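Numbering (UniProt numbering), first residue to last: 1 to 539.
Where is the CB? At the ideal position from N, CA and C, for every residue including glycine.
Just so we're clear, the structure is a prediction, and the values are computed from it rather than from any experiment.
To keep things clear, I will list the structure first and then write my remarks on it.
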Amino acid sequence: MSKATVLSDPRRHDLDALRAVAMLLGIVLHGMISFLPVASGWAVQDSRQADGFGVVLSMIHGFRMPLFFLISGFFTMMLLRRRGIPALLWHRFRRIFLPLVLGLITIIPSVWIVSAFVQQPADANASADNLWAAVIMDQPDRVQALIDDGHDVNARSDDGATPFLLAAFLGRDDVAEVLIRNGADPTLANYKGETPADVMQAPWSLTKMIAGFVKAPVKQEAVQAGREKIAQWIPEKSDDIATPAGSADQAKETWQALLAALFFVPVFLHLWFLWFLCFLVVGFVISVWVYRHLPLKLPTTWAASAFWVIALVVPVTALLQASMKSNAGQFGPDTSIGLLPLPVVLAYYAVFFFFGAFYYRVNDTPGRLSRHWPAMLLVSLAVLFPVGLTWGGSGNQTHRMVGLLCQAGYAWLMSIGMMGLFRRYCDTHSPAMRYLSDSSYWLYVAHMPVILLVQAWVRDWDLSPYIKLPIICVVTSAVLLISYQYLVRYTPIGTLLNGKRVRPGRHRPTHDHTDAILIDTAPETDAVVEAKIASSGPS
Numbered sequence: 001m002s003k004a005t006v007l008s009d010p011r012r013h014d015l016d017a018l019r020a021v022a023m024l025l026g027i028v029l030h031g032m033i034s035f036l037p038v039a040s041g042w043a044v045q046d047s048r049q050a051d052g053f054g055v056v057l058s059m060i061h062g063f064r065m066p067l068f069f070l071i072s073g074f075f076t077m078m079l080l081r082r083r084g085i086p087a088l089l090w091h092r093f094r095r096i097f098l099p100l101v102l103g104l105i106t107i108i109p110s111v112w113i114v115s116a117f118v119q120q121p122a123d124a125n126a127s128a129d130n131l132w133a134a135v136i137m138d139q140p141d142r143v144q145a146l147i148d149d150g151h152d153v154n155a156r157s158d159d160g161a162t163p164f165l166l167a168a169f170l171g172r173d174d175v176a177e178v179l180i181r182n183g184a185d186p187t188l189a190n191y192k193g194e195t196p197a198d199v200m201q202a203p204w205s206l207t208k209m210i211a212g213f214v215k216a217p218v219k220q221e222a223v224q225a226g227r228e229k230i231a232q233w234i235p236e237k238s239d240d241i242a243t244p245a246g247s248a249d250q251a252k253e254t255w256q257a258l259l260a261a262l263f264f265v266p267v268f269l270h271l272w273f274l275w276f277l278c279f280l281v282v283g284f285v286i287s288v289w290v291y292r293h294l295p296l297k298l299p300t301t302w303a304a305s306a307f308w309v310i311a312l313v314v315p316v317t318a319l320l321q322a323s324m325k326s327n328a329g330q331f332g333p334d335t336s337i338g339l340l341p342l343p344v345v346l347a348y349y350a351v352f353f354f355f356g357a358f359y360y361r362v363n364d365t366p367g368r369l370s371r372h373w374p375a376m377l378l379v380s381l382a383v384l385f386p387v388g389l390t391w392g393g394s395g396n397q398t399h400r401m402v403g404l405l406c407q408a409g410y411a412w413l414m415s416i417g418m419m420g421l422f423r424r425y426c427d428t429h430s431p432a433m434r435y436l437s438d439s440s441y442w443l444y445v446a447h448m449p450v451i452l453l454v455q456a457w458v459r460d461w462d463l464s465p466y467i468k469l470p471i472i473c474v475v476t477s478a479v480l481l482i483s484y485q486y487l488v489r490y491t492p493i494g495t496l497l498n499g500k501r502v503r504p505g506r507h508r509p510t511h512d513h514t515d516a517i518l519i520d521t522a523p524e525t526d527a528v529v530e531a532k533i534a535s536s537g538p539s
C-alpha cells in the first residue's frame, strides 16, 4: 500500500457521524443522572426517580468514550500520514489544547456557578426513600423509619458501600448506632476491600473533599468524635482509628492530601477527554519517533481481524479495568477529571487510541473488522452487557473477573459493531449529519450548565422521568444548536473548534473537513503529500 494511496483516502462520512453520535450521547447520559436514586456529586436530583436509567447509563458509558478514543486514534494517524508530525502537533494545539484552556476559564466556572444556583432539594420527598441520603444528611430518625419500611440495613451502593460504612466514614455516630441496633454488619467491606475501620482512617482533607462531592455537611471535630465512638462497635482494627497526628503523620497526611488534590479534585469535569487527548497525542508522537528507529516493524494486519482484537486487546483492557478502584462495582471504566489523569484510566483509553491508529494503517477498505456487526451488537447487548453488569462488581473474584472480561468485550464489540452499523447506513454525504457533526463538539463542550438549568426547571414537575428526560435533552440540544448557528459557527469560536466556515452566499474554496475535532484539512495532491512525508522522516 503506497503512502499516496493512504493519503488520498475518501472522506469518512461514517466515522464523522459516529463520532458526533458518541459525543451527543453524553448529553443523554448526563441528562439521566438527576433521575438516579443516588446522584452523588450532581447538583440536581429530580423529584421523580428512575432506577432503569442506571442500566441505560451503564449501557452508554460502557462503550461511548472507548469508541471516541478509538476514532480519535484513527484520525490522528490519518493526519500524521497526510501532514507529518509538525502539522499534527499544531493542529492538536489549536483544536484541542486551546479549546480546553478556554473551557477551563469559561465553561467550567459556569458549571460551578449554575450548580450553586440550582443546588437545593427538589422537595421534601426528593430523597425520602434513599437510605444513603438519610445517612449523608445525618438523620437517624429517618434511617430508622426507612428500616421499619423494609429497607435492607446492609444494602450496597454501586461501589459496594453499606450504609454503616458511609456513616463510619462521615462520623455519623447517631446514624451508626441506629444501624447497629437494627443488625448492620460493621465489618462489611466495599468492592475495593475497604472496611468501615479502614475508611475511618481517612485524613480530614480527603474526608472534607469527598463530603463536598456528596453534599454532606461535616465539621472536623464532629467527624473525629463520631469516628472514635463508632470504633467501639467495630470488632477489629478499632485501635487504628485516626487520632491527633505527630509530625511524621502530618507529613504523610499532607502528601496524601496533595495527591488527592492532584488526582481527584474535579478540575476538568466533562472536558477531561480533551486533557486525555493532549497526553495521548504527545505519547503518540513519541511512539512514532521510537517506531521509526526500530530495526523491526510491528505487524498491523491483526487490527482488521475481530478474532485477534478479542484475543489480544480484550484481556489487556479487562486487566486495566480490574486495577481501577473508584468505580468498583459499576459498569465500565472509571472517570478521571483531576489535574493529573489516573494512570490506569489513561492507559485504558490509550489502548483504544493506539488501536485506532493501528487500524488506520491496515487500510481496511472492505471493512473486514466490522463485517459481522449485527452479531457483534447482538452479543454485546444480549450477553456481555447483562453478565458484565451482574458480575462486574461481584465479591466472588472468579465472577468478578468474568464480569470484567465481559465489560471489556462489550466495549470493544460495541465499538466495532457501531463502526459497522454506521459504515452500512451512514457512508454517504448527508447535509443534516454534516451539520450535526460540525456542531457536536460545541454541543458537548457547552452542554453542562445548560442541562443543569433545564434539569432544575423540570425537577418538581409531576411527570414521569421517561417524559422529563426527552424534554431535558431536546431543550438542551435546541438551545445549544441555536447558539452554535448564531454565536459559534461563523465566529472565531467556530474557527477554533472546527476550522473556518463561510456563510452561505459567500464564495470560498471548499475543503474536506474530515473530522471537526480531529482533522479538518483537505487531502492534498499525492506529490505534495509525498514531499511532506519525506521531509518528516520515514514512517
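CA-CA distance, Leu-25 to Tyr-444, rounds to 9 Å. Between Val-44 and Leu-452, the gap from beta carbon to beta carbon is short of 8 Å.
Here Arg-172 carries a coil assignment [DSSP, helix/strand/coil]. In the assembly as shown, His-429 is an exposed residue. Its beta-carbon has fewer than 16 other beta-carbons within 10 Å. Taking 8 Å as the cut-off, the beta carbon of Pro-465 is found closer than this to the beta carbon of Ala-50. Residues Pro-341, Leu-346, Tyr-349 of the same chain have their beta carbon placed closer than 7 Å to that of Phe-276, with the five preceding and five following residues left out of the count.
In this structure the stretch 353 to 367 lies against the stretch 67 to 84, because at least three pairs of beta carbons, one per stretch, are closer than 8 Å. Ala-446 is a Cβ neighbour of Ile-107, given a cutoff of 8 Å.
Following the DSSP letters along the chain, one finds Thr-317 inside the alpha helix (DSSP H) bounded by residues 306 to 322. Secondary structure of Phe-35 (DSSP, three-state): coil. By the neighbour-count criterion, in which a residue is buried when 16 or more other Cβ atoms sit within 10 angstroms of its Cβ, Asn-396 is exposed.
For Lys-229, the CB contacts under 6 Å within the same chain, skipping 5 residues up- and downstream, are Asp-173 in chain order. A direct Cα-to-Cα measurement between Leu-339 and Leu-104 gives close to 11 Å. For the 8 Å CB-CB criterion, Ser-380 and Tyr-425 do not form a contact. Counting C-beta atoms within 10 angstroms of its own C-beta, Leu-280 has 16 or more neighbours from the protein chains shown and is therefore classed as buried.
Around the beta carbon of Tyr-486, fewer than 16 other beta carbons lie within 10 angstroms, which makes this residue exposed.
Fewer than three pairs of CB atoms, one per stretch, sit closer than 8 Å, so the stretch 291 to 308 makes no contact with the stretch 140 to 157. In the structure shown, the three-state DSSP call for Pro-386 is helix. Remark: C-beta atoms of Val-199 and Leu-179 do not approach each other more closely than 8 Å.
A straight line joining the alpha-carbon of Arg-423 with that of Leu-269 spans about 32 Å. When DSSP assignments are scanned along the stretch 454 to 503, no uninterrupted stretch of beta strand (DSSP E) that is 3 or more residues long falls wholly within it. Secondary structure of Phe-331 (DSSP, three-state): coil. DSSP, reduced to helix, strand and coil, places Lys-208 within a helical segment of the structure shown.
Considering only Ser-323, Phe-264, Thr-162, the residue with the shortest C-alpha distance to Ala-408 is Ser-323.
DSSP, reduced to helix, strand and coil, places Gln-256 within a helical segment of the structure shown.
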